[in-house]
Amino acid sequence: MAGSAATDSLEGQFLIAMPGMSDSRFEHSVIYLCSHSDQGAMGLVVNQVARHLSLEELLIQLDIVNDDGAIRLPSKVRDMSVHKGGPVEVERGFVLHSDDFMLNQSTLAIDNGICLTATLEILRALAQGTGPTQAMLALGYAGWAPGQLENEIQANGWLTAPADPDILFDQVSDKKWHRALASMGIDPAMLYADAGHA
Numbered sequence: 000m001a002g003s004a005a006t007d008s009l010e011g012q013f014l015i016a017m018p019g020m021s022d023s024r025f026e027h028s029v030i031y032l033c034s035h036s037d038q039g040a041m042g043l044v045v046n047q048v049a050r051h052l053s054l055e056e057l058l059i060q061l062d063i064v065n066d067d068g069a070i071r072l073p074s075k076v077r078d079m080s081v082h083k084g085g086p087v088e089v090e091r092g093f094v095l096h097s098d099d100f101m102l103n104q105s106t107l108a109i110d111n112g113i114c115l116t117a118t119l120e121i122l123r124a125l126a127q128g129t130g131p132t133q134a135m136l137a138l139g140y141a142g143w144a145p146g147q148l149e150n151e152i153q154a155n156g157w158l159t160a161p162a163d164p165d166i167l168f169d170q171v172s173d174k175k176w177h178r179a180l181a182s183m184g185i186d187p188a189m190l191y192a193d194a195g196h197a
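Note that the sequence shown covers residues 0 to 197 in numbering that gives the first Met the number 0.
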């Protein structure tokens, strides 16, 4: 019966941290789940910006552009934030993006027109203006061992909600937690009032 695990999969969903999240690294986090199976889960925090690093600086560090090339970057790339995707492999980059850009053998279609690519080629394409129309870059990821995420959800650590591409790709990251809750019809103030009550 292949498929029973797939029906329970939260792949392509948002995980929204509940107030009182015990792990401070994920306080007020919104995570896009890229994979979820009986083998565990992997996702990217989509609302924590790496304030110490711009995409332009990263492209220069990776030798994708030089200082002169950085001046000619498309404005949407120049304005794009680098996100802290999670505490695992923080030197590794992941790009969530629209499905109008695919690299054979490298792009994973996740759900609802959202894809994941983790190669330098997508950064080169973005720098040249030939990449996807919507993209979000994250360094590092969040990972869970088999059963760990389910336990955290059961312990009221996370809410799950359908991922909204408008929230996912919004350049204003500090409002994503509130917006993700609002998309579920939840007022964050009500969660604080209920925190600690069974």
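Backbone N, C-alpha and C define an ideal beta-carbon position, used for all residues, glycine too.
Can you tell me whether DSSP reads F25 as helix, strand or coil?
helix
Just to check my reading of the structure: A134 and M79 have Cβ atoms closer than 8 Å, yes? What is that Cβ distance to the nearest angstrom?
7 Å
Determine the closest residue to V94 out of I185, E149, G139, with distance taken between C-alpha atoms.
G139
Would you decide whether M189 is buried or exposed? Buried here means 16 or more other CB atoms lie within 10 Å of its CB.
exposed
One question on the structure: do F25 and A162 come within less than 8 Å of each other, judged by their Cβ atoms?
no
D169 (DSSP reduced to helix, strand or coil):
coil
Following the continuous beta strand (DSSP E) through R178, name the residue where it begins and the one where it ends.
That residue, R178, is in no beta strand (DSSP E); its alpha helix (DSSP H) goes 175-182.
Beta carbon of V87 nearer than 8 Å to that of G142
yes
On the CB-based measure, 16 or more other CB atoms within 10 Å of its CB, does K175 come out buried or exposed?
buried
Let me know the secondary structure DSSP gives A188 once reduced to three states.
helix
Pull up the distance between the alpha-carbon of N65 and that of V81, whole angstroms please.
18 Å
Determine the contact status of L107 and E120, defining contact as a CB-CB distance below 8 Å.
no
Is DSSP giving L14 helix, strand or coil here?
strand
Taking the runs of the alpha helix (DSSP H) that are 4 residues or longer, which of them lie wholly in the stretch 64-105?
66-70, 74-77
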